[in-house]
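J.: The structure that follows is given in the form of structure tokens.
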Amino acid sequence: MIDLEIYPATPDRWADVAALFGERGACGGCWCMAWRLTSAEFERGKGAANKTALEALVAGGAEPGLLAYASGRPVGWVALAPREVYVRLERSKTLKRVDDEPVWSISCLFVAKPFRRKGVSVALLRAACAYAESHGAHIVEGYPTEPNQALPDPFVWTGLASAFRQAGFMEVLRRSQTRPIMRAFV
Numbered sequence: 012m013i014d015l016e017i018y019p020a021t022p023d024r025w026a027d028v029a030a031l032f033g034e035r036g037a038c039g040g041c042w043c044m045a046w047r048l049t050s051a052e053f054e055r056g057k058g059a060a061n062k063t064a065l066e067a068l069v070a071g072g073a074e075p076g077l078l079a080y081a082s083g084r085p086v087g088w089v090a091l092a093p094r095e096v097y098v099r100l101e102r103s104k105t106l107k108r109v110d111d112e113p114v115w116s117i118s119c120l121f122v123a124k125p126f127r128r129k130g131v132s133v134a135l136l137r138a139a140c141a142y143a144e145s146h147g148a149h150i151v152e153g154y155p156t157e158p159n160q161a162l163p164d165p166f167v168w169t170g171l172a173s174a175f176r177q178a179g180f181m182e183v184l185r186r187s188q189t190r191p192i193m194r195a196f197v
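Taking the working numbering, the leading residue of the sequence shown gets 12, the next gets one more, and so forth.
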């Protein structure tokens with residue numbers, strides 16, 4: 012595991028978010044807006060509009076995620092917020108609510124290619140739990156992939172179930188063979 016420092020995405024760190032996500036906005040112009048918008052809004056916004064939307068969240072003080080740094084360089088991101096913030100998640104049949112408990116949701120993980128498979132995701136997941144707890148959360152929920160075959164890294168943008176388990180999450184429900192709903196109680 013590498014030595015990391017992890018901080019909320021605040022306005023003074025916007026340049027680091029943009030540098031980490033690069034020209035593609037992490038993947039395909041997403042800019043971590045896939046769960047926050049309806050499908051139509053997301054598709055219309057791919058690229059510049061999604062970047063502007065995420066930048067506005069950061070500039071407005073929302074702290075929509077956490078950044079991991081290695082030697083002062085941004086190398087990883089985890090998006091989290093109270094579940095109701097994520098419009099598409101709330102509409103998902105596979106990932107619909109488990110119960111009426113209030114939860115914070117981890118919607119995305121992104122790690123720079125040279126830093127993948129080095130424990131960055133696990134560190135970000137643990138930091139996300141601590142951050143959510145410091146904001147009053149008692150349950151943090153994630154929706155990782157548990158593929159039955161190897162997948163390209165961009166296809167596992169919600170994280171891998173194995174990383175969630177290493178970070179202390181447990182599976183609470185599975186409506187899809189490859190998509191468990193996992194929780195950490197903080």
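Ideal placement from N, C-alpha and C gives every residue a C-beta, glycine not left out.
Quick check: Leu135 and Gly87, are their CB atoms within less than 8 Å of each other?
T.: Within the sequence shown, numbered from 1, the residue matching residue 135 stands at position 124. Within the sequence shown, numbered from 1, the residue matching residue 87 stands at position 76. In contact: Leu135 and Gly87 (Cβ atoms closer than 8 Å).
J.: Where does Glu74 sit, in a helix, a strand or coil, going by DSSP?
T.: Here residue 74 is taken as the residue at index 63 of the sequence shown, counted from 1. In the structure shown, Glu74 sits in coil (DSSP, three-state: anything other than H, G, I, E or B).
J.: Enumerate, from N- to C-terminal direction, the unbroken alpha helix (DSSP H) stretches of 4 or more residues contained entirely within the segment 111–145.
T.: Complete alpha helix (DSSP H) runs here, min 4: 131–145.
J.: Grab me the residues of Trp46's own chain with a C-beta within less than 6 Å of its C-beta, minus the 5 sequence neighbours each way, in chain order.
T.: Indexing the sequence shown from 1 puts residue 46 at position 35. Closer than 6 Å at Cβ, skipping near neighbours: Tyr97, Arg99, Leu100, Ser118.
J.: Per the contact definition of three or more C-beta pairs closer than 8 Å, is the segment 120–140 in contact with the segment 75–95?
T.: Short answer: they touch.
J.: For Ile150, which of Ile192, Asp14, Val197 has the nearest alpha-carbon?
T.: One-based indexing of the sequence shown puts residue 150 at position 139. The candidate whose alpha carbon is nearest that of Ile150 is Val197.
J.: Going by beta carbon distance, what residues of the same chain come within less than 6 Å of Glu152, once the five residues before and after it are set aside?
T.: The count along the sequence shown starts at 1 and reaches residue 152 at position 141. Same-chain partners within the cutoff: Val114, Ser116, Arg194.
J.: With a CB to CB cut of under 7 Å and the five nearest residues on each side skipped, what residues in its chain are close to Gly40?
T.: Sequence index remark: in the sequence shown, residue 40 carries index 29 (1-based). Lys57, Gly58, Asn61.
J.: Can you grab the Cα-Cα spacing for the pair Phe175 / Arg55, in whole Å?
T.: Locating residue 175 in the sequence shown gives position 164, where the first residue counts as 1. Locating residue 55 in the sequence shown gives position 44, where the first residue counts as 1. Distance between the alpha carbons of Phe175 and Arg55: 32 Å.
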